[in-house]
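>
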Ligand SMILES: [Zn+2]
């Protein structure tokens, strides 16, 4: 019995659909869908306990968060100070962990175990937990090993959850996407970091920012005359 789904390739559309399903569930159950977004409300809607606690590093290094399916609990490591001072990062981290929950936890199995066992502490499955190791998540990672794929999937889910297309459509009205102050204002209204926002907009093909550049271009292609040489 495994409380985690086997790792598999997920299409972007599939991940975005899952995030939208969660938002629709929230709306149906009367949770306010408003921006800046409060990712902790998603945990409430999914009946997941979201806790902050100290998680000591293990032999493999620092742990950002742990997910215990059988207790429907996600614990975020409170030792990451920057999570407390950077709201955008905090929202992104919570949404990322919820992404693991939605995409990677075998929820039927977890719920089944809780129902069946009188003494869940004796069950081997209670020991199954998922450790997430990084809060500096980037969607631009290119490594293709499985763990990175899982991390990428959770972060892509977070991005879709915090910045659904219809909200971005609303927020872009009257704004110039090539203007940094306008983008910062959008990020503020959405409650996300500027890099979360620019990653999302680039993924949607609305803007393009060449690597190591501050210049913003509209659309998803390189501007004329800026062909990649290498
Ligand atoms: Zn993770």
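In my numbering, the protein residues as written are 634 to 863.
Ideal placement from N, C-alpha and C gives every residue a C-beta, glycine not left out.
Being a predicted model, the structure only gives us computed values, none of them experimental.
Using the rule of at least 16 other Cβ atoms within 10 Å of the residue's Cβ for burial, across every protein chain shown, is residue 647 buried or exposed?
Numbered from its first residue, the chain shown carries residue 647 at position 14. By the 10 Å Cβ count, residue 647 comes out exposed.
> Kindly identify the DSSP beta-bridge partner or partners of residue 829.
Along the chain shown, one-based indexing puts residue 829 at 196. Looking at the DSSP assignment, residue 829 forms no beta bridge with any residue, so it has no partner.
> Note down the Cα distance separating residue 841 from residue 746, rounded to an integer number of angstroms.
The sequence position of residue 841 within the chain shown is 208, counting from 1. The sequence position of residue 746 within the chain shown is 113, counting from 1. Near 47 angstroms, if we compare the C-alpha coordinates of residue 746 and residue 841.
> Comparing C-alpha positions only, which one of 737, 848, 837, 678 sits nearest to residue 811?
Position 178 of the chain shown, counted from the start, is the residue given in the question as residue 811. Closest by alpha carbon: 848.
> Would the beta-carbon of residue 793 fall within 9 angstroms of that of residue 649?
Position 160 of the chain shown, counting from 1, holds the residue named residue 793. Position 16 of the chain shown, counting from 1, holds the residue named residue 649. Yes, the Cβ-Cβ distance between residue 793 and residue 649 is below 9 angstroms.
> Rounded to the nearest angstrom, what separates residue 682 and residue 740 at their Cα positions?
Position 49 of the chain shown, counted from the start, is the residue given in the question as residue 682. Position 107 of the chain shown, counted from the start, is the residue given in the question as residue 740. Their Cα atoms are separated by approximately 14 angstroms.
> Taking the straight line between their C-alpha atoms, what separation do you get for residue 766 and residue 813?
Position 133 of the chain shown, counting from 1, holds the residue named residue 766. Position 180 of the chain shown, counting from 1, holds the residue named residue 813. Looking at the two C-alpha atoms, the distance is approximately 31 angstroms.
> Specify the secondary structure class of residue 649 as computed by DSSP and reduced to three states.
By 1-based counting over the chain shown, the position of residue 649 is 16. In the structure shown, residue 649 sits in a helix (DSSP, three-state: H, G or I).
> How would you label residue 725, buried or exposed, when you count the other beta carbons within 10 angstroms and need 16 or more for buried?
Sequence index remark: in the chain shown, residue 725 carries index 92 (1-based). Residue 725 comes out buried.
> Flag this pair as yes or no: are the beta carbons of residue 651 and residue 678 separated by less than 9 angstroms?
Position 18 of the chain shown holds residue 651. Position 45 of the chain shown holds residue 678. Judged by their CB atoms, residue 651 and residue 678 are not nearer to each other than the 9 angstroms cut-off.
> Is it right to say residue 714 is buried, meaning 16 or more other beta carbons lie within 10 angstroms of its own, or is it exposed?
Against the chain shown, residue 714 aligns to sequence position 81. It counts as exposed.
> Is residue 803 buried or exposed, if buried means 16 or more other CB atoms sit within 10 Å of its CB?
The sequence position of residue 803 within the chain shown is 170, counting from 1. Residue 803 should be labelled exposed.
> Ordered along the chain, which non-local residues of its own chain (more than five positions away) have a Cβ less than 7 angstroms from that of residue 701?
Sequence index remark: in the chain shown, residue 701 carries index 68 (1-based). Closer than 7 angstroms at the Cβ level, and outside the excluded window around residue 701, lie 762.
> So which of 705, 735, 686, 730 has the shortest CA-CA distance to residue 712?
Along the chain shown, read from residue 1 onward, the residue named residue 712 stands at position 79. Among 705, 735, 686, 730, the Cα nearest to that of residue 712 is on 686.
> Do three or more CB pairs link the segment 821 to 829 to the segment 785 to 799 at distances below 8 angstroms?
Pairwise C-beta distances place the segment 821 to 829 in contact with the segment 785 to 799, as three or more of them are shorter than 8 angstroms.
> Going by the beta-carbon positions, is the gap between residue 709 and residue 727 smaller than 9 angstroms?
Numbered from its first residue, the chain shown carries residue 709 at position 76. Numbered from its first residue, the chain shown carries residue 727 at position 94. Cβ distance < 9 angstroms, so residue 709 and residue 727 count as in contact.
> Hey, out of 789, 640, 807, 731, whose CA is closest to residue 832's CA?
On the chain shown, residue 832 is found 199 positions in, with the first residue counted as 1. The option with the nearest alpha carbon to residue 832 is 789.
> In the structure shown, what three-state DSSP assignment does residue 640 receive?
By 1-based counting over the chain shown, the position of residue 640 is 7. The answer is coil: DSSP assigns residue 640 none of H, G, I, E or B.
> Quick one: does the C-beta of residue 766 sit closer than 8 angstroms to a heavy atom of ligand 1?
Counting from one through the chain shown, the residue named residue 766 turns up at place 133. Flag set: Cβ of residue 766 near ligand 1.
> For residue 787, tell me which candidate among 837, 744, 675, 733 has the shortest Cα-Cα distance.
Looking up residue 787 in the chain shown gives position 154. Ranking the options by Cα distance to residue 787, first place goes to 733.
> Write down the C-beta distance between residue 688 and residue 696 rounded to the nearest angstrom, noting that I regard them as a contact closer than 8 angstroms.
Position 55 of the chain shown, counting from 1, holds the residue named residue 688. Position 63 of the chain shown, counting from 1, holds the residue named residue 696. With a Cβ gap of about 5 angstroms, residue 688 and residue 696 count as contacting.
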